[in-house]
Structures are given as structure tokens and as C-alpha cells.
Ligand code: GLA
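Residue numbers (the numbering used here): 1 to 396.
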């Protein structure tokens with residue numbers, strides 16, 4: 001009897017543990033997609049806002065297009081109680097965080113939250129320092145599926161050690177929680193963040209809703225970036241990304257009003273070439289049809305979510321005219337012809353730049369026009385609007 005029990009236990013552990021381990025490793029097998037409060041709403045977060053965003057995520061077709069996570073960024077938390085438990089703002093979240101998480105889950109979506117590896121968050125709310133295991137247990141009990149962990153007020157803390165500690169706490173919570181490291185590229189996270197358990201890590205300081213220009217913040221601190229600045233900072237980091245561990249060039253500004261529709265189309269296309277997490281940051285309840293069309297373009301999203309998970313790079317540049325490309329799992333390439341200049345111009349992708357022999361004939365499909373453009377040999381040229389892109393797949 002006893003021997004049979006030991007045998008059964010052996011058989012169970014043989015099959016169950018690899019499955020459990022696998023469950024951890026497939027977290028964020030493709031770049032996470034979702035929505036985050038910060039870019040549009042900053043500290044103006046509430047249970048109602050989250051519920052309305054979850055509703056809009058479903059009704060707008062974004063859920064169908066692949067968006068999954070609804071993430072509350074900074075300012076949901078106000079204090080700790082006598083036992084050290086983190087306390088949500090009672091006015092803004094009157095029924096607590098679990099009720100909000102339950103609502104998000106009831107829509108078939110996943111729920112994310114924000115904290116900070118230092119003593120306080122970037123908005124001066126209580127951070128996680130010294131409470132890592134207690135917070136992780138709390139998040140798991142609330143049903144959190146995604147944690148964005150910031151880097152304000154870190155004092156002399158070591159980044160890799162701080163993030164590894166929180167990751168260990170998340171693992172011990174027993175709930176699979178995507179771990180989004182947000183230390184703004186300060187300590188070259190691409191070199192250590194995967195080892196520290198990060199599923200994604202920010203590579204730069206914050207994005208702002210503009211085409212280009214790295215600027216100091218109002219308080220003199222450095223810096224915020226336009227889309228083009230972040231793009232330049234990401235080039236060269238492509239070898240560090242892959243399934244389960246992604247470079248994060250920050251959340252999307254698509255739809256926030258500071259750029260033209262053409263510029264937002266470029267922003268979205270380039271994030272797809274970069275295999276970037278696609279976290280929308282706009283008001284989902286009040287989207288124009290143009291913005292919705294950008295965010296739900298399934299052909300562009302398919303590039304971002306390609307199963308091979310290879311981040312793209314700049315393969316050619318002549319002044320303001322650039323070609324960006326990434327290989328896809330079926331042997332084809334996704335290509336963005338990017339015009340950073342101020343007048344319309346032709347841009348060519350040569351097969352040699354995307355590792356195809358020049359004599360090869362390939363089918364071109366335009367991912368914004370949703371049209372097959374025919375067969376081309378050696379190269380493909382298109383006229384590209386200022387600050388615009390033409391995005392195609394090249395399939396031999
Ligand atoms: C930092 C992060 C942002 C956002 C804010 C919140 O600046 O980089 O993405 O989370 O903090 O305060």
C-alpha cells in the first residue's frame with residue numbers, strides 16, 4: 001500500500017512539476033497586450049474608470065484583436081494599515097481592488113496593478129520596499145495577473161537585486177503574474193532583467209505624446225521622449241528580446257491627441273516591428289474610428305505577436321528615410337518604410353537588406369491597405385508620406 005502511494009507520488013511529480021514549471025515559462029510568450037491608465041489619466045484612477053475601460057475594451061473590438069490586460073498604474077494606493085498591508089484609496093476604490101479585478105475577469109480580461117521597488121512610487125504613494133512578500137501575497141489574493149514595478153525613490157538599492165527579490169515574492173505567491181520591470185533603462189536592464197524574472201523591461205525613460213524631441217520634465221529632471229527618440233534608443237537591443245522576455249519601449253500614445261493620425265499609424269507600426277508590448281494608453285471609451293482602426297489592425301498586430309518573437313531593427317537609412325524589418329516565423333519579413341522627413345519621398349527595401357538573395361521574387365502585401373500588391377524581384381519601392389510609413393510583408 002505504502003509502496004503504491006510512493007509510486008503514485010513519483011508519477012504525479014514526474015508529470016505535474018514540468019507542467020507547473022512550463023506554466024511559468026509561457027508567461028508573456030508573445031508581447032503582452034492591454035491598456036494602462038497612466039498616459040491618459042495619470043493619477044485620476046478609480047474603480048469606475050477601470051470598469052468602463054474593461055467594458056470598452058470588449059465593445060470596441062480590442063479584446064477580439066488580442067488586448068488582454070487592464071492595468072491600474074500609479075495612485076491607486078494611499079497608505080499601509082497597522083499590519084503593513086497596502087491600502088487602496090477608499091474614495092476611488094470603495095469596494096477594494098479585488099472587486100475591480102473580479103469585474104475585469106468577468107469580462108474575460110486580465111488584471112494588472114502598479115507598484116515600485118523603492119520606498120515610494122513616482123507619485124509619492126507607498127512603495128514595495130521591505131513589503132515584497134506581503135504585497136505579492138496580497139496581489140495574488142486579489143487576482144492580479146500583471147505587475148508593473150517602478151524605480152522611484154530607490155536610494156542606494158541595487159536594481160537587479162531589488163527586481164529579483166520581487167520576482168521571488170511573485171513566484172512564492174503561487175499565482176502566475178507577468179512581471180513588468182520599469183527602471184527606464186537606467187541600469188541596462190536588457191543585460192540582467194530576464195534573469196531577474198522580468199517578462200518585459202522598459203528600455204528608456206517615459207514616452208510623451210509627440211513625434212520627436214527629448215525634453216526635461218517641468219521639475220528639471222531628465223527626460224521624456226518622443227516616438228522617434230525611443231525608436232533610436234531601441235535599435236541595437238533586438239538580440240535581448242524573445243518569447244517571455246521583451247524590451248519595452250513604453251506604452252502607446254495612439255489616440256491621445258498630440259500627434260496626427262499618420263504619426264500614430266507610424267508609432268503603432270514601429271512598435272509592432274520592435275515586438276513591443278502593446279499597452280494602449282488612450283481613452284478607450286471615446287475613440288475616433290481612425291484611432292480604433294489603428295489599434296485593432298489585426299495584420300499589424302499579427303506582426304507584433306509573431307510566434308518566433310524576433311525583434312526587428314533598422315536595416316537601412318539614408319537621411320530621414322529608413323527601413324525597419326523583422327523576420328517572421330513563416331520565413332517572410334515584416335518591413336516598415338519610415339519617412340522621418342517633412343516631404344513625401346520614395347523609399348526602397350532591397351532584398352539584400354532583409355537577408356534575401358536579390359534574384360528572389362516575393363509577394364508584397366500592404367498591411368494598412370489590406371491589399372496584395374503583387375510579385376516583386378530584388379526590391380520594392382513605395383512613396384511614403386512625411387512622418388508616415390508603408391508597412392508590408394515580403395513573402396518569397
Ligand atoms: C514613471 C513610469 C511611468 C508611470 C509613472 C507613474 O514615470 O515610468 O510609466 O508609471 O512613473 O508615476
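Where a beta carbon is used, it is the ideal one built from N, C-alpha and C, also for glycine.
query, result
"Exposure of residue 77, with buried meaning 16 or more beta-carbon neighbours within 10 Å", "buried"
"Proximity test, residue 48 beta-carbon vs ligand 1 heavy atom, cut-off 6 Å", "no"
"Environment of residue 245 [buried if 16+ CB atoms lie within 10 Å]", "buried"
"Exposure label - residue 369; buried when at least 16 CB within 10 Å", "exposed"
"Residue 142 Cβ short of 6 Å to ligand 1 heavy atom set", "no"
"Those residues which DSSP pairs with residue 181 across a bridge", "149 and 201"
"Proximal residues to residue 165 (C-beta, below 7 Å), its chain only, five neighbours per side dropped", "132"
"Span of the beta strand (DSSP E), counted from its first residue to its last, around residue 382", "379–384"
"Exposure of residue 26, with buried meaning 16 or more beta-carbon neighbours within 10 Å", "exposed"
"Distance cut-off 6 Å: residue 398 Cβ against heavy atoms of ligand 1", "It is not possible to answer for residue 398, since the shown part of the chain is limited to 1 through 396."
"Enclosing beta strand (DSSP E) for residue 77 [first to last residue]", "77–80"
"Rounded Cβ spacing between residue 197 and residue 189 (contact assumed at less than 8 Å)", "With a Cβ gap of about 12 Å, residue 197 and residue 189 do not count as contacting."
"Own chain residues within Cβ distance below 6 Å of residue 37, not counting five before or after", "45, 72 and 73"
"Straight-line Cα distance separating residue 251 from residue 102", "24 Å"
"Secondary structure of residue 22, DSSP reduced to three states", "No answer about residue 22 holds up, because its pLDDT of 43 lies below 50 and its placement is not dependable."
"Residue 279 versus residue 265: straight-line alpha-carbon distance, rounded", "15 Å"
"Inter-stretch contact at 8 Å, needing at least 3 Cβ pairs: the segment 220–240 / the segment 256–276", "yes"
"Segment contact, 8 Å Cβ cut-off, at least three pairs: the segment 320–336 with the segment 86–99", "no"
"Every unbroken alpha helix (DSSP H) within the segment 254–286, with a cutoff of 4 residues, ordered by chain", "261–273"
"8 Å CB neighbourhood of residue 208 in its chain, flanking five on each side removed", "215, 224, 225, 226, 253 and 258"
"Beta-bridge pairing of residue 410 - partner residues as DSSP gives them", "Given that the chain is displayed from residue 1 to residue 396, the structure contains no residue 410 and the question cannot be resolved."
"Closest residue to residue 170 among 115, 68 and 362 (Cα-Cα distance)", "115"
"Any non-hydrogen atom of ligand 2 within 6 Å of residue 38 CB", "No copy of ligand 2 appears in this structure; the ligands present are ligand 1."
"Residue 58 to residue 104 span [Cα, whole Å]", "10 Å"
"C-beta contact flag for residue 52 and residue 285 at 7 Å", "yes"
"Per DSSP, the bridge partner or partners of residue 122", "Beta-bridge pairing links residue 122 to no other residue."
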